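Numbering (the UniProt record's numbering), first residue to last: 1 to 137.
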Amino acid sequence: MSATRIAILYTAIAAASSAINLIVQMIVIALYSGPFAIELSMIIGIGAALPPKYVLEKRWIFAFTANNLRHDGGLFLLYSGLGLFTTAIFWVIEHSFQIVFGTDVMRYVGGAIGLAVGNHVKYQLDKRFVFVTRAAA
Numbered sequence: 001m002s003a004t005r006i007a008i009l010y011t012a013i014a015a016a017s018s019a020i021n022l023i024v025q026m027i028v029i030a031l032y033s034g035p036f037a038i039e040l041s042m043i044i045g046i047g048a049a050l051p052p053k054y055v056l057e058k059r060w061i062f063a064f065t066a067n068n069l070r071h072d073g074g075l076f077l078l079y080s081g082l083g084l085f086t087t088a089i090f091w092v093i094e095h096s097f098q099i100v101f102g103t104d105v106m107r108y109v110g111g112a113i114g115l116a117v118g119n120h121v122k123y124q125l126d127k128r129f130v131f132v133t134r135a136a137a
């Protein structure tokens, strides 16, 4: 697959998962406004976006087939673990926008920027460490 096609597909998948993440955050905030509402919305947003993003990237970006369910589970754990680093990037940027600007709109702008940066880093990590064959690893 060409680099251009990968970039287009990856951007589409990242945009879809980002939309899921941010929409779920908005729903959580609409339903709950108590202590740690923002942090809770961010955690639930990530949880909602992660599984479909993994499945779509595995199939459409990396054309990767796991050996079996156990192997796939291990890959998902590695994918998720590496995602902790990129999630931290996203959260720091989103939370910084909340602190600096103090509005939901700007927090979501920060979230979108953080997701874009995090997705770029995540692609690089996944390409090198998650979706590789034994020979390539």
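We put the beta carbon where it would ideally sit given N, CA and C, even for glycine.
Note that the coordinates shown come from a computational prediction; the quantities given were computed from them, not determined experimentally.
Asked                                                                                                                                          : Found
Out of Phe97, Ser18, Ile89 and Gly110, which one is the CA nearest neighbour of Gly118?                                                        : Ile89
Going by C-alpha distance, which of Ile20, Glu39 and Gly34 is nearest Pro51?                                                                   : Ile20
Which first and last residues belong to the alpha helix (DSSP H) in which Trp60 is found?                                                      : That residue, Trp60, is in no alpha helix (DSSP H); it is neither H nor E in DSSP.
Can you tell me where the alpha helix (DSSP H) with Phe97 in it begins and where it stops?                                                     : Leu69 to Phe101
Round the Cβ separation of residue 139 and Trp60 to the nearest angstrom and send it over; I've been treating them as touching at under 8 Å.   : Because residue 139 is not part of the residues shown, which for the chain are 1 to 137, the question remains open.
Ordered along the chain, which non-local residues of its own chain (more than five positions away) have a Cβ less than 6 Å from that of Gln98? : Arg107
Roughly how many angstroms lie between the CA atoms of Gly34 and Asn68, to the nearest whole one?                                              : 43 Å
Where does Phe129 sit, in a helix, a strand or coil, going by DSSP?                                                                            : helix
Let me check understanding here. Comparing Cα to Cα, which of Trp91, Thr87, Lys53 and His120 lies closest to Gly110?                           : Trp91
Quick test of your reading: Ala66 and Leu56, contact by CB under 8 Å. State the CB separation rounded to the nearest angstrom.                 : Contact flag wrong, Cβ pair sits at about 15 Å.
Go through its chain and collect everything with a Cβ distance to Ala3's Cβ below 7 Å, but skip five positions before and after it.            : none
Report yes if the C-beta distance between Phe85 and Val121 is below 9 Å; otherwise report no.                                                  : yes
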